[in-house]
Amino acid sequence: MQWTSETVISSTIALRSYDGRYMKVSTDEGGLAFHDRHVDDNAKFALINLANGKISLKGPNGKLLHMPHSSNHVMCIGSEGGVEFEVVHLGASCVALTISAHHEVGVKTRFLSSGVGKEPCSGSLVVTDDMDGPSCCFVVEILDY
Numbered sequence: 083m084q085w086t087s088e089t090v091i092s093s094t095i096a097l098r099s100y101d102g103r104y105m106k107v108s109t110d111e112g113g114l115a116f117h118d119r120h121v122d123d124n125a126k127f128a129l130i131n132l133a134n135g136k137i138s139l140k141g142p143n144g145k146l147l148h149m150p151h152s153s154n155h156v157m158c159i160g161s162e163g164g165v166e167f168e169v170v171h172l173g174a175s176c177v178a179l180t181i182s183a184h185h186e187v188g189v190k191t192r193f194l195s196s197g198v199g200k201e202p203c204s205g206s207l208v209v210t211d212d213m214d215g216p217s218c219c220f221v222v223e224i225l226d227y
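Numbering-wise (the numbering used here), the sequence shown opens with residue 83 and increments by one.
Pasting the structure below:
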C-alpha cells in the first residue's frame with residue numbers, strides 16, 4: 083500500500099484483547115504489546131479502509147503496522163507497505179485480524195495474536211498459523227466521538 087492524499091482514515095480505534103488489555107506502541111522503535119487496561123495516546127490507531135476491502139492500522143507514532151521479521155511478527159514501523167488485515171467477525175463482539183500469506187502451495191491465512199515475540203523479535207506481536215484461542219480474539223473500540 084502506498085500512502086497518498088486519498089488514503090481513507092475512517093476511524094480512530096483501540097484494539098482490546100480478550101482479557102481486557104489494550105494494544106499499544108510500547109517503544110520508540112515501534113514495538114507493540116498488549117499492556118494495561120487503560121486507553122491512552124499509545125493505544126490509539128488510525129483505521130484505514132483499503133480499496134480491496136481490507137484494513138491497515140497506523141499507530142500513534144505515525145507508522146503502519148508492518149511485518150519485518152520473515153512474516154511471523156508485527157511491529158509499528160512501516161512508512162509504506164503496511165499489513166493488510168481482513169476482519170473476521172467471531173461473535174460476542176470479537177474479531178480476528180487475518181493476513182493472507184502467499185506460500186509455494188498457495189495462499190495461507192494467518193492470524194494476528196496478542197502474544198509477544200521472543201528474541202530477535204522482542205517488541206513485536208506474533209502472527210500464528212492457527213486460530214490460537216483467545217489470543218487471536220480482539221474487541222475493536224471506536225474512539226471517534
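Beta carbons: idealized from backbone N, C-alpha and C, even for Gly. In this text the structure is predicted, and so the values were computed from the model without any measurement.
Paired residues, beta bridge with SER218 - DSSP: It should be noted that the sequence gives Cys, not Ser, for residue 218. Under DSSP, CYS218 forms no beta bridge with any residue.
In the DSSP output, which residue or residues are listed as bridge partners for VAL208? Bridge pairing for VAL208: HIS155 [DSSP].
In angstroms with no decimal places, state the Cα-to-Cα distance between SER92 and LYS140. So the two alpha carbons sit approximately 11 Å from each other.
From which residue to which residue does the beta strand (DSSP E) around VAL169 run? For VAL169, the enclosing beta strand (DSSP E) has its first and last residue at 168-173.
Can you name, in chain order, every residue of its own chain whose Cβ lies under 6 Å from the Cβ of LEU147, other than the five neighbours on each side? Counting only Cβ-Cβ distances below 6 Å, and skipping sequence neighbours, we find LEU139, VAL156, CYS158, GLY164, VAL165.
Expressed to the nearest angstrom, what Euclidean distance is found between the alpha-carbon atoms of SER195 and ASP110? Cα-Cα distance, rounded: 21 Å.
Would you mind reading off the limits of the beta strand (DSSP E) that contains VAL107? Start and end: 105-107.
Below 6 Å CB to CB, which residues in the same chain sit around THR210 once its five sequence neighbours on both sides are set aside? Here the set comprises PHE193, SER195.
Using the C-alpha atoms, what's the distance from HIS171 back to LEU179? For LEU179 and HIS171, the distance between alpha carbons rounds to 9 Å.
Cutting at 7 Å between CB atoms, please list the residues of its own chain near VAL221, excluding the five before and the five after it. The residues are ARG98, SER175, CYS176.
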